[in-house]
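Take a look at the structure set out below.
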Amino acid sequence: MSSINYAEKIPNNVNLVSDRTLQRALEHWQPHFLEWWKTMGPSDFQAADVYLRTAISVDAQGWAHYGAVKMPDYRWGIFLADPLPGRTIGFGDQMGEPAWQQVPGEYRSTLRRLIVTQGDTEPASVEQQRLLGHTCPSLYDLRNLFQVNVEEGRHLWAMVYLLHAYFGRDGREEAEELLARHSGDADKPRILTTFNEPISDWLSFYCFTYFTDRDGKYQLKSLAESAFDPLSRTCRFMLTEEAHHMFVGETGIGRVVKRTLEVMKELGTEDPARVRAAGAVDLPTLQKYLNFWCSSSLDLFGSEISSNSAANFAHGLKGRPDESQYEDHVLREKTMALLTPEGEQQVPMLNALNEVMRESYLKDCEIGLKRWNRQIERAGFPFRLTLPSSRFRRSIGAWAGQPVDPQGTMLSKKEYEKRLPDWIPSEADRAFVHSLQQKVVAPGKMAAWIAPPERGINNLPVEYEYVKLH
Ligand code: BYC
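Going by our numbering, the sequence shown opens with residue 1, and the numbers climb by one from there.
Next comes the structure, spelled out in structure tokens:
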């Protein structure tokens with residue numbers, strides 16, 4: 001197991017010191033990153049001491065290090081999972097051949113594009129969340145937000161390392177561009193739509209970490225299968241960090257549900273207006289937020305029928321998550337039935353892989369829903385939260401722009417437009433959720449619309465002062 005060298009300017013476990021040119025290039029990028037962090041990262045709080053975890057090695061126990069850190073001093077660096085000796089390509093037409101330690105010329109631009117797209121999402125999410133600290137529901141949540149933010153910053157480092165180390169001058173230019181595009185910027189937006197949506201309240205933050213970070217899990221898992229071994233190794237390590245982000249989402253929504261149920265029981269009613277008047281998020285509003293972020297994240301898998309996905313798989317660039325669970329790793333003979341607005345089509349399996357991923361993603365999304373619905377059922381209320389159909393409110397693929405309701409039923413355009421505010425947050429819903437957002441920073445105290453977590457971080461009590469504000 002390789003340990004991480006923190007003595008160097010850029011912490012790393014890739015023996016950066018042995019490649020002076022690369023080291024210098026990355027040291028040149030480092031101040032640009034820090035400048036970006038200061039201007040586009042969390043607004044204020046840069047002088048606060050935050051109880052953060054920092055990786056000290058890349059194995060499962062590597063998270064041992066927790067301590068108070070000022071965010072700009074966080075040791076962002078380059079950590080790759082250890083190489084698997086003799087690793088071979090696990091899928092596609094070159095299956096069984098040795099994995100690549102360098103980028104084959106013919107796949108250079110496609111791989112660069114995949115890495116840039118992945119890399120672009122990481123700083124984008126930090127930008128989307130930059131104002132949330134001002135309305136944190138507790139110090140515990142504030143700390144979790146910042147943990148997520150610094151790790152997204154590190155994920156950017158992971159992709160920038162690959163660009164610098166393997167893509168020469170083009171890669172260095174792309175690394176600069178990753179800091180030049182900004183979430184929601186009219187002239188230079190982030191690449192994928194979801195990462196241009198504002199996250200201006202904590203309910204959106206929990207939904208984003210639940211749904212969008214889970215897309216991250218699926219995309220990283222599929223890139224972890226890549227024949228390009230450095231990409232595979234860096235994604236494998238990123239996945240260990242991703243798990244905490246989804247935890248923040250799942251427990252965040254669970255705590256909102258818990259508080260809402262307490263209020264509903266106290267009042268003895270399900271009436272959304274009365275729940276709102278008592279300062280909690282009514283369940284129909286929560287459902288709208290789930291519909292919004294789930295449907296937005298479903299677009300991140302790309303089109304149902306995609307020649308890009310076919311080529312990426314056949315060439316060994318991007319596999320399916322947990323590729324080894326499947327029997328057929330070449331997929332030249334298989335087809336899949338896909339429902340499009342024109343009816344059912346038999347599509348070569350290679351071209352349907354985005355949909356295969358989207359389906360397994362949706363199954364994974366059900367886990368939280370089951371848990372939250374169990375809470376509601378136990379409290380004795382008939383309401384059930386659901387996931388929208390993967391045909392609802394799509395902007396990419398066969399269902400893009402189709403007037404489909406959250407159950408997946410096709411409507412007339414007029415009917416759809418009329419009913420859309422019943423399915424996703426309206427201006428009034430957003431204004432209501434915003435009105436609940438108030439900064440609570442007394443240790444152990446929570447905003448009134450959310451229940452406390454069941455336990456604190458790293459066995460510390462919930463009352464611990466996770467962020468020292470000075
Ligand atoms: N928005 O064949 P198609 C994360 C473009 S999240 C805008 O349908 P393909 C994170 C596409 O680029 C994970 N454009 O799809 C989470 C293509 O353009 P060109 C991020 C889109 O190529 C939380 C055209 O449409 N990781 O890590 O099979 C916090 C046709 O493409 C969109 C990755 O994205 C869209 N939603 O797949 C922090 C992995 N969808 O080529 C972080 C890397 C498609 O015609 N990227 N387009 O100009 C990929 O694997 C693929 O690029 C995609 C698209 C899955 C995104």
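All C-beta atoms, glycine included, are put in the ideal place defined by N, C-alpha and C. Keep in mind the model is a prediction, meaning the values are calculated, not measured.
With a cutoff of 7 Å, Phe-301 counts as near ligand 1, since its C-beta is closer than that to a heavy atom of the ligand. Secondary structure of Tyr-51 (DSSP, three-state): strand. Not one heavy atom of ligand 1 lies closer than 7 Å to the C-beta of Leu-162. In this structure, Gln-23 is the residue among Ser-3, Gln-23 and Ser-18 with its C-alpha nearest to the C-alpha of Lys-9. Contact between Leu-132 and Phe-205 holds: CB atoms are separated by about 6 Å, below the 8 Å threshold.
The bridge partners DSSP lists for Gly-343 are Thr-340.
Between Asn-13 and Val-150, the alpha-carbon positions lie close to 19 Å from each other. Of the candidates Gln-437, Arg-394 and Arg-371, Gln-437 places its Cα closest to the Cα of Ala-447.
One thing to note: Arg-172 has its Cβ no nearer than 8 Å to the Cβ of Ala-81. In this structure, DSSP gives His-65 an extended state, which the three-state scheme calls strand. Proximity of the beta carbon of Thr-285 to ligand 1 is not indicated: no heavy atom of the ligand is located closer than 7 Å. Ala-227 is positioned such that its CB atom lies no closer than 8 Å to that of Cys-235.
Leu-298 and Ser-18 have their C-alpha atoms spaced approximately 42 Å apart.
Going by C-alpha positions, Leu-353 is about 20 Å away from Glu-342. Exclusion of the five residues before and after Lys-265 leaves Ala-379 as the residues of its chain whose Cβ lies within less than 7 Å of its Cβ. By the neighbour-count criterion, in which a residue is buried when 16 or more other Cβ atoms sit within 10 angstroms of its Cβ, Ala-273 is exposed. Taking all protein chains in view, the Cβ of Tyr-326 is surrounded by fewer than 16 other Cβ atoms within 10 Å, so the residue is classified as exposed. Around the beta carbon of Glu-250, 16 or more other beta carbons lie within 10 angstroms, which makes this residue buried. Residue range 139–166 is occupied by the alpha helix (DSSP H) that includes His-164.
Shown here, Ile-199 sits in coil according to DSSP, grouped into three states, outside any helix or strand. Under the criterion of beta carbons closer than 8 Å, Val-440 and Met-95 do not qualify as touching, at roughly 54 Å.
Following the DSSP letters along the chain, one finds Arg-320 in no alpha helix (DSSP H), marked with neither H nor E.
With a cutoff of 8 Å on beta-carbon distance, Glu-176 and Glu-152 are scored as not near each other.
Assigned with DSSP and collapsed to three states, Met-40 falls in helix.
Take Ala-280, set aside five residues on each side of it, and the residues of its chain with a beta-carbon closer than 6 Å to its own are Arg-259, Thr-260, Val-263 and Trp-449, in chain order. In the assembly as shown, Ser-138 is a buried residue. Its beta-carbon has 16 or more other beta-carbons within 10 Å. Pairing Pro-406 with Arg-391, the inter-Cα distance amounts to about 8 Å. In this structure Ile-89 does not touch Ala-55 by the C-beta definition: roughly 28 Å separates them, more than the 8 Å allowed. Taking all protein chains shown into account, Thr-209 has 16 or more neighbouring C-beta atoms within 10 Å of its C-beta and is therefore buried.
Each residue's CA atom was taken as its position, placing Gln-46 and Lys-413 some 48 Å apart.
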